[in-house]
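S.K.: If you read the protein sequences in the order shown, they are chains Z and P.
Going by the working numbering, the letters in the first sequence line up with residues 1 to 249, in that order.
Going by the working numbering, the letters in the second sequence line up with residues 250 to 477, in that order.
Every residue, glycine too, gets a C-beta built ideally from N, C-alpha and C.
Here the structure is a predicted model, which is why all the values come from computation and not from measurement.
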Amino acid sequence: MNLNLKVWRQKNTATKGGFKLYRVENISSEMSFLEMFDVLNEQLIHEGEDPITFDHDCREGICGACSMYIDGKPHGPWQANTTCQLHMRAFKDGDTIVVEPWRANAFPVIKDLMVDRTAFDRIIQAGGYISVNTGNAVDGNALPIPKDDADASFAAAMCIGCGACVAACKNSSAMLFLSAKVSHLALLPQGNPERKSRVVNMLAQMDKEGFGACTNTGACEATCPKEISLTNIARLNQEYLVASLTDNK
Amino acid sequence: MTWKQVFTSSIGKKLVMAITGISLILFLVVHVGLNACIWANDGGEMFNRAANFMGSNVVPRILEVGLFGGIFLHIIQGYMLTVQNRSKRSIGYAVDYGNRGSKWYSRSMAILGTLLLLFFIMHWKQFWIPSRFTGVDEVQLSNGKSVHNLYALMRDTFQNLWVVILYVIGCISLGYHLAHGFQSAFRTIGVHNNRYNKMISAVGYGFAVIVPLAFAMMPVSFYLGWVN
Ligand code: SF4
Ligand code: FES
């Protein structure tokens, strides 16, 4: 199929960007969206133009690196899907596809479609961990955990930190991401020792990074490639409320 | 962790919205219940008596101060949150994300709230200020007591079609504001149990329809002469 692409080009964080139109031809419907971009980039290199910068790594939907806002939706039109797993059969011959970077001041554009998501790393560093004693690994089954809790924790742990939730949210809030990171540890006994300090510190870091406050619209849930549920945000709120009411310092 | 830290954090700010919001919801229950007395069709006797009780008893008077505090906190915090949240994305998208996962009214709480505020200003000027400060004509109850005839004030106010239309618009804004606000408030205070969430969502939508509808029917009833 032949397609028109309207892609955001921006030299670096400091310069102003703008859209540029490209045309790609003979694209197979079996290609992934990123492979289609590879074709375009080869074309640009041949023409002596600067290829388009975009983030990617695993290309199998598990790392969270890819990040394009395609036709009005992070990761494109499919549900529960990442950009790298979006295939060209989602489009029709002759379509014009608009591709933008994640938009949030906390995710400044580095170049073209690549944004700086290190804010997420700093949120994780602020509390997204558990302390483990050194020595022999404990038998995985030594600690009984209710099945439902284990399942809910696992569902929250699916978050790949892609930032699509921030990109979709009208408040640029990172609350779905944060709630997933807080929930998957809060639901397990291993997460208990740092339970209160975790939520307090991670939220403080999120606010410091310049993300907005959640207004429970639900936009994030609809775009999340890992279908992280809004329920996690309510759990995060409860974790925070309990921590702030019972904090002793 | 200081209280200041709690209430200036993003969740703390939402907590203020939720707690004041839930208090305002409770107030609406009292307000709609009391006003429903106009439909007793007893020439306003029951309604005037109830309104007089609320105005002369010390407990509602103290709650009234809290109510206004709550309203203003809700308004100021709401506007501040809106402005702050908007400032987090300086460059917008060329293609809008649209309605995916969210309802238009959940994204328009500030606009709906502004319509409500304008409505309240008119509403306070018509009823609350006269009954508190500038005075309302008195009427004698069947027990001989002389009280404010708020019933007559309602009847006279709602003879004007424009006023009735503005009240209906106000009530529609209230309905949509509640359709999101009711559930959102409970999420913010941390309710994440599936069974309770289902219940809250059902009660929330029910409340958002029934209460504003009951309020809207009051001016309509007077205008169409359904009460006397
Ligand atoms: S919650 Fe979903 S959308 Fe947000 S970072 Fe995690 S995987 Fe991505
Ligand atoms: S490149 Fe790893 S999830 Fe898309």
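1. What do you get for S422/P, buried or exposed, if any count of 16 or more other CB atoms within 10 angstroms of its CB means buried?
2. Using a cut-off of 8 angstroms between C-beta atoms, extract the partners of N334/P located in chain Z.
3. How many Å lie between L254/Z and G327/P at the Cα?
4. For chain Z, find out if any of its Cβ atoms is closer than 8 angstroms to the Cβ of K263/P; answer yes or no.
5. Using a threshold of 8 angstroms, state whether the C-beta atoms of F107/Z and A126/Z are closer than that.
6. Quick one, which of V115/Z, Q10/Z, N2/Z has its alpha-carbon nearest R23/Z's?
7. When the Cα atoms are used, what is the spatial distance from R356/P to T53/Z?
8. Bridge partners for R9/Z per DSSP, in chain order?
9. To which residues of the same chain is P461/P closer than 6 angstroms at the C-beta, ignoring the five residues directly before and after it?
10. What does the Cβ neighbour count give for I260/P, buried or exposed, with the cut at 16 atoms within 10 Å?
11. Is the closest heavy atom of ligand 2 to the C-beta of C84/Z under 7 angstroms?
12. Is E313/P helix, strand or coil by DSSP?
13. Please list the residues of the stretch 104-138 of chain Z that have a C-beta atom closer than 9 angstroms to any C-beta atom in chain P, keeping them in chain order.
14. Quick check: what's the CA-CA separation for I324/P versus S258/P?
15. Could you check the C-alpha separation between R9/Z and T217/Z for me, to the nearest Å?
16. Below 8 angstroms on the Cβ atoms is my contact criterion, and I expect N297/P with V388/P to pass it. Report the Cβ-Cβ distance as a whole number of Å.
17. When the distance is taken between beta carbons, is P74/Z closer than 8 angstroms to A167/Z?
18. Is it right to say L410/P is buried, meaning 16 or more other beta carbons lie within 10 angstroms of its own, or is it exposed?
19. By alpha-carbon positions, which one of K111/Z, L236/Z, F91/Z, L143/Z ends up nearest to N442/P?
20. Applying a beta-carbon distance threshold of less than 8 angstroms, which residues of chain Z neighbour L330/P?
21. If the cut is a Cβ gap below 7 angstroms, which residues of chain P does V98/Z touch?
22. Per DSSP, what kind of secondary structure is P225/Z in: helix, strand or coil?
23. Regarding C214/Z and ligand 1, is the C-beta to nearest heavy atom distance less than 7 angstroms?
24. Cβ of C159/Z versus every heavy atom of ligand 1: is any distance shorter than 7 angstroms?
25. Would you mind stating whether S28/Z and M68/Z have Cβ atoms separated by less than 8 angstroms?
26. Could you check whether the Cβ of A65/Z sits closer than 7 angstroms to any heavy atom belonging to ligand 2?
27. By alpha-carbon positions, which one of G140/Z, K20/Z, L241/Z, L178/Z ends up nearest to A157/Z?
28. Give me the DSSP bridge partner(s) of K73/Z.
M.R.: In short:
1. Locating residue 422/P in the second sequence gives position 173, where the first residue counts as 1. With a 10 Å radius around the Cβ and a threshold of 16 neighbouring Cβ atoms, S422/P comes out buried.
2. As a working mapping, residue 334/P is identified with position 85 in the second sequence. The CB of N334/P comes closer than 8 angstroms to the CB of K170, N171, S172, S173, G212, A213, T215 in chain Z, given here in chain order.
3. Residue 254/Z lies beyond the residue range present for chain Z, which begins at 1 and ends at 249; the question has no answer from this structure.
4. Sequence index remark: in the second sequence, residue 263/P carries index 14 (1-based). At least one chain Z Cβ lies under 8 angstroms of K263/P.
5. To locate residue 107/Z, count along the first sequence from 1; it is residue 107. To locate residue 126/Z, count along the first sequence from 1; it is residue 126. In this structure, A126/Z does not lie closer than 8 angstroms to F107/Z by Cβ.
6. As a working note, residue 23/Z is residue 23 in the first sequence. Per the Cα distances, N2/Z.
7. The residue you call residue 356/P lines up with position 107 of the second sequence. The residue you call residue 53/Z lines up with position 53 of the first sequence. Counting only the Cα atoms, T53/Z lies some 33 angstroms from R356/P.
8. The residue labelled residue 9/Z in the question sits at position 9 within the first sequence. Bridge partners of R9/Z: G18/Z.
9. Position 212 of the second sequence, counting from 1, holds the residue named residue 461/P. Same-chain partners within the cutoff: C420, L423, G424.
10. By 1-based counting over the second sequence, the position of residue 260/P is 11. Buried: at least 16 other Cβ atoms inside 10 Å.
11. Counted from its first residue, the first sequence places residue 84/Z at position 84. Yes; taking the cut-off as 7 angstroms, the Cβ of C84/Z has a heavy atom of ligand 2 nearer than that.
12. On the second sequence, position 64 is the one that residue 313/P refers to. In this structure, E313/P counts as helix in the three-state DSSP scheme.
13. Under the 9 angstroms Cβ criterion, the stretch 104-138 of chain Z contributes A104, N105, A106, V109.
14. The residue given as residue 324/P occupies position 75 in the second sequence. The residue given as residue 258/P occupies position 9 in the second sequence. Looking at the backbone, the Cα of I324/P and that of S258/P are separated by about 18 angstroms.
15. Here the question's residue 9/Z lines up with position 9 in the first sequence. Here the question's residue 217/Z lines up with position 217 in the first sequence. When rounded, the distance between both Cα atoms is 30 angstroms.
16. What you label residue 297/P is simply residue 48 of the second sequence in a count that begins at 1. What you label residue 388/P is simply residue 139 of the second sequence in a count that begins at 1. With a beta-carbon spacing of about 6 angstroms, N297/P and V388/P fall inside the 8 angstroms limit used to define contacts.
17. In the first sequence, counting from the first residue as 1, residue 167/Z sits at position 167. In the first sequence, counting from the first residue as 1, residue 74/Z sits at position 74. Yes. Within cutoff.
18. Along the second sequence, read from residue 1 onward, the residue named residue 410/P stands at position 161. It counts as exposed.
19. On the second sequence, position 193 is the one that residue 442/P refers to. Nearest of K111/Z, L236/Z, F91/Z, L143/Z to N442/P, Cα basis: L236/Z.
20. Start at 1 with the first residue of the second sequence, and residue 330/P comes out as number 81. Scanning chain Z for C-beta atoms nearer than 8 angstroms to the C-beta of L330/P yields A213, T215, reported in chain order.
21. Walking along the first sequence from the start, residue 98/Z turns up at place 98. A343, V344, listed in chain order.
22. On the first sequence, residue 225/Z is found 225 positions in, with the first residue counted as 1. Coil, per DSSP.
23. Residue mapping note: residue 214/Z aligns to position 214 of the first sequence, counting from 1. No, the beta carbon of C214/Z sits no closer than 7 angstroms to any heavy atom of ligand 1.
24. Translated into positions along the first sequence, residue 159/Z becomes position 159. When distances are taken from the beta-carbon of C159/Z to the heavy atoms of ligand 1, the shortest one is below 7 angstroms.
25. In the first sequence, the residue the question calls residue 28/Z occupies position 28. In the first sequence, the residue the question calls residue 68/Z occupies position 68. No, Cβ-Cβ distance for S28/Z and M68/Z is not below 8 angstroms.
26. One-based indexing of the first sequence puts residue 65/Z at position 65. Yes, since a heavy atom of ligand 2 falls inside the 7 angstroms radius drawn around the Cβ of A65/Z.
27. Mapped onto the first sequence, residue 157/Z falls at position 157. In this structure, L178/Z is the residue among G140/Z, K20/Z, L241/Z, L178/Z with its C-alpha nearest to the C-alpha of A157/Z.
28. Position 73 of the first sequence, counting from 1, holds the residue named residue 73/Z. DSSP, once it has assigned bridges, lists I70/Z as partnering K73/Z.
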